[in-house]
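**Student:** The structure follows.
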Amino acid sequence: MNYITIVTEAGLAALAAAAQAGGKVNITHMAIGDGNGAEYEPTEDQTSLKNEKWRGAVASYTRSGNSFTATAAMPAETAAFTIRELALFLADGTCFAVANAPSIPHQPPVNGAGTEFEAVMPFVVENAESVTVTVEPSGAVSQDMVGQPDGVAGLNEEGFVPIEQGGTAAGTAQGARTNLEVAKPVRTTASFPTSGWTLSGSVYTQTVSCSVAKATMKYANIGPQYSTDASARKLEQEAYALIAYVDTADGQLVATCWGNEKPAVNLTLIFEGGVD
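Each residue of the sequence shown is one higher than the one before, counting from 9 in the working numbering.
Printed below as a string of structure tokens:
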């Protein structure tokens, strides 16, 4: 089974119409479903998920060239189902893109305490300037919000993903927001070689040294550092899209990939974090 994201026929039509009119399409929501009980590869003629189980506002996104990655945070208390499909929707309800996913069981907490599930959906479009993504203000933080604690995360030119120890984006950014103004930024790069990934079940992880990383950072951002060569850059974009999230620890970064897939090329990630 190939795990892919496709822009639907309706999404392509919306892009073409927006480009002709000099406007933009506006992605606002992500949906998650169970695929009617089976994994499948999405098709361009889809106008919805096969069996949608949850829908919510996009919490954060990144862009690098024509590649986007959108995230949404599904509440922990959402009724139990197995995650097999995701979709992005425009403000007018058009199903813009559909992705399949390896079967991931979701169970609500039994004692009232749980962690929201962060869905990550990468996609690529030819005319990126015709795309905007509207995020839910209460669930997203980006570097351009420093000094603007009530702002809305907008497009970060370097494609950073907001993260913090214990999760990424909407799962942890709300608590980090109030600390952005006092955080002192540090910046470095970290290499994730293809040989460094370890498989456990259906999840690949890799831990690398990063002397400036701390578990108690006020905020942290991760973004790719791509090659200037177009062919190498394409492979790196595909590889980076496989990374679901990156956690911070004292002196370390821990990257996680789901679905028995890992990057096929070496990756260099830019790390930027705020400390006391």
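For each residue, glycine too, the CB sits at the ideal point set by N, CA and C.
It should be emphasised that the depicted structure is a prediction, and the values quoted were computed from it without experimental measurement.
Per DSSP, what are the beta-bridge partners of glycine 209 in this structure?
**Tutor:** BP columns for glycine 209 are empty, so no partner.
**Student:** Would you give the residue range spanned by the beta strand (DSSP E) that leucine 98 belongs to?
**Tutor:** Per DSSP, leucine 98 belongs to the beta strand (DSSP E) from 89 to 98.
**Student:** Cutting at 6 Å between CB atoms, please list the residues of its own chain near aspartate 258, excluding the five before and the five after it.
**Tutor:** These residues qualify, in order along the chain: Lys222, Ala223.
**Student:** For threonine 276, which residues of its own chain have a beta-carbon under 8 Å away from its beta-carbon, when the five flanking residues on both sides are left out?
**Tutor:** Here the set comprises Thr197, Ala198, Ser199, Phe200, Pro232, Gln233.
**Student:** Apply the 10 Å Cβ neighbour rule to alanine 46 and answer buried if 16 or more other Cβ atoms are within range, or exposed otherwise.
**Tutor:** Classification of alanine 46: exposed, given that the 10 Å Cβ count is below 16.
**Student:** Can you tell me whether serine 239 is helix, strand or coil according to DSSP?
**Tutor:** Helix, per DSSP.
**Student:** Could you pull out every residue in the same chain whose Cβ sits closer than 7 Å to the Cβ of serine 235, ignoring the five residues on either side in sequence?
**Tutor:** Counting only Cβ-Cβ distances below 7 Å, and skipping sequence neighbours, we find Arg241, Glu244.
**Student:** Roughly how far, in whole angstroms, is the beta-carbon of alanine 84 from the beta-carbon of proline 117, given that I think they are within contact range, below 8 Å?
**Tutor:** Contact holds; Cβ gap of about 6 Å.
**Student:** Mind listing, in chain order, the continuous beta strand (DSSP E) runs of no fewer than 3 residues lying wholly within the stretch 33 to 85?
**Tutor:** The qualifying runs are 33 to 41, 60 to 65, 68 to 72, 75 to 82.
**Student:** Since valine 139 contacts valine 273 with CB under 8 Å, what's their CB separation in whole angstroms?
**Tutor:** About 26 Å; that fails the 8 Å criterion.
**Student:** Bridge partners of serine 217, per DSSP?
**Tutor:** DSSP, once it has assigned bridges, lists Gln260 as partnering serine 217.
**Student:** With 16 other CB atoms within 10 Å as the buried threshold, where does aspartate 100 fall?
**Tutor:** Aspartate 100 is exposed by the Cβ-count criterion.
**Student:** Examine the Cβ distances between the stretch 58 to 76 and the stretch 84 to 97 and report whether three or more of them are shorter than 8 Å.
**Tutor:** They touch, by the three-pair rule.
**Student:** Would you call the CB atoms of glutamate 52 and alanine 252 closer than 9 Å?
**Tutor:** For glutamate 52 and alanine 252, no; Cβs fall outside 9 Å.
**Student:** What's the gap between the Cα of cysteine 103 and the Cα of alanine 80?
**Tutor:** Answer to the nearest angstrom: the Cα atoms are 16 Å apart.
**Student:** Considering only DSSP beta bridges, list what glycine 231 is partnered with.
**Tutor:** Paired residues: Ile278.
**Student:** Please classify tyrosine 11: does DSSP put it in a helix, a strand, or coil?
**Tutor:** Looking at tyrosine 11 - three-state DSSP - the assignment turns out to be coil, as it is neither helix nor strand.
**Student:** Just to confirm before moving on: does the CB-CB distance between asparagine 108 and glycine 43 stay below 9 Å?
**Tutor:** In contact: asparagine 108 and glycine 43 (Cβ atoms closer than 9 Å).
**Student:** From what residue to what residue does the alpha helix (DSSP H) around alanine 24 run?
**Tutor:** Counting along the chain, the alpha helix (DSSP H) containing alanine 24 begins and ends at 17 to 29.
**Student:** For the beta strand (DSSP E) that contains glutamate 126, what are its first and last residues?
**Tutor:** Run containing glutamate 126: 125 to 132, per the beta strand (DSSP E) assignment.
**Student:** Using the three-state DSSP reduction, which class does alanine 247 fall into: helix, strand or coil?
**Tutor:** Three-state result, alanine 247: helix.
**Student:** Taking all protein chains shown into account, do 16 or more other C-beta atoms lie within 10 angstroms of the C-beta of tyrosine 69, making it buried, or fewer, making it exposed?
**Tutor:** Classification of tyrosine 69: buried, given that the 10 Å Cβ count is 16 or more.
**Student:** State the Cα-Cα distance for the pair alanine 88 and serine 210, rounded to the nearest angstrom.
**Tutor:** Approximately 20 Å between the Cα atoms of the pair.
**Student:** I need the DSSP call for arginine 136, collapsed to helix, strand or coil.
**Tutor:** The displayed chain sequence assigns alanine, not arginine, to residue 136. Note: alanine 136 maps to helix in three-state DSSP.
**Student:** Alanine 105 lies in the beta strand (DSSP E); which residues open and close that run?
**Tutor:** 103 to 114 is the extent of the beta strand (DSSP E) around alanine 105.
**Student:** Quick check: is any heavy atom of the ligand ATP less than 8 Å from the C-beta of leucine 207?
**Tutor:** Ligands are entirely absent from the displayed structure, and the ligand ATP is therefore not among its contents.
**Student:** Which residues in the same chain have their Cβ closer than 7 Å to the Cβ of alanine 105, if we skip the five residues on either side of it in sequence?
**Tutor:** Cβ within range, chain order: Thr13, Ile14, Val15, Thr16, Gly19, Ala95, Leu96, Phe131.
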